[in-house]
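Enquirer:
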Amino acid sequence: MEGKADDLGGGVFKKRLNDNMHRSIILAKARNYWVYEYLFAKKDRNNIEDDELSAFRELAKSYARLTDDPISRLVQNRQFKEICNQKKQIQE
Numbered sequence: 037m038e039g040k041a042d043d044l045g046g047g048v049f050k051k052r053l054n055d056n057m058h059r060s061i062i063l064a065k066a067r068n069y070w071v072y073e074y075l076f077a078k079k080d081r082n083n084i085e086d087d088e089l090s091a092f093r094e095l096a097k098s099y100a101r102l103t104d105d106p107i108s109r110l111v112q113n114r115q116f117k118e119i120c121n122q123k124k125q126i127q128e
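Residues 37 to 128, numbered by my numbering, are exactly what the sequence shown covers, in order.
1) Spell out a yes or no on whether the segment 64-77 and the segment 96-113 are touching, meaning 3 or more CB-CB pairs, one atom from each, closer than 8 Å.
2) Just to confirm my understanding: we take residue 56, look at its own chain, exclude 5 residues before and 5 after, and list those with CB closer than 8 Å. What are they?
3) Under DSSP, the beta strand (DSSP E) around residue 55 begins and ends at which residues?
4) Do you know whose CA, among 65, 76, 63, lies nearest residue 54's CA?
5) Our contact map puts residue 183 next to residue 41 with C-beta atoms below 8 Å; I'd like the distance itself, whole angstroms only.
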């Protein structure tokens, strides 16, 4: 949200981690949810391929169609792991 990621379009972002040693592909749903979808070491590969980017964009579209209830179920069922929830932090 602070502009520290590269926007690859279609709700897909690339973020550099650990002093640029690792990269993460993050999928966004209308700035409400950010899903860390893929993590890789820069030493293992420079970037994702075009077909992978297309697949991540399609997945981002699928996530964009989800409402709060399915997202909550994914977290409860441990298919997603919640690492930050600003709404909960504000309420506390």
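Cβ coordinates follow ideal geometry from the N, Cα and C atoms, glycine included.
Everything numeric in this text was worked out from a predicted model, so none of it was measured.
Expert: In brief:
1) These segments touch.
2) The count along the sequence shown starts at 1 and reaches residue 56 at position 20. Taken in chain order, the residues that qualify are 78.
3) Against the sequence shown, residue 55 aligns to sequence position 19. Here residue 55 belongs to no beta strand (DSSP E), and DSSP marks it neither H nor E.
4) On the sequence shown, residue 54 is found 18 positions in, with the first residue counted as 1. The shortest Cα separation from residue 54 among 65, 76, 63 belongs to 76.
5) No statement about residue 183 is possible, as the shown extent of the chain runs from 37 to 128 and does not include it.
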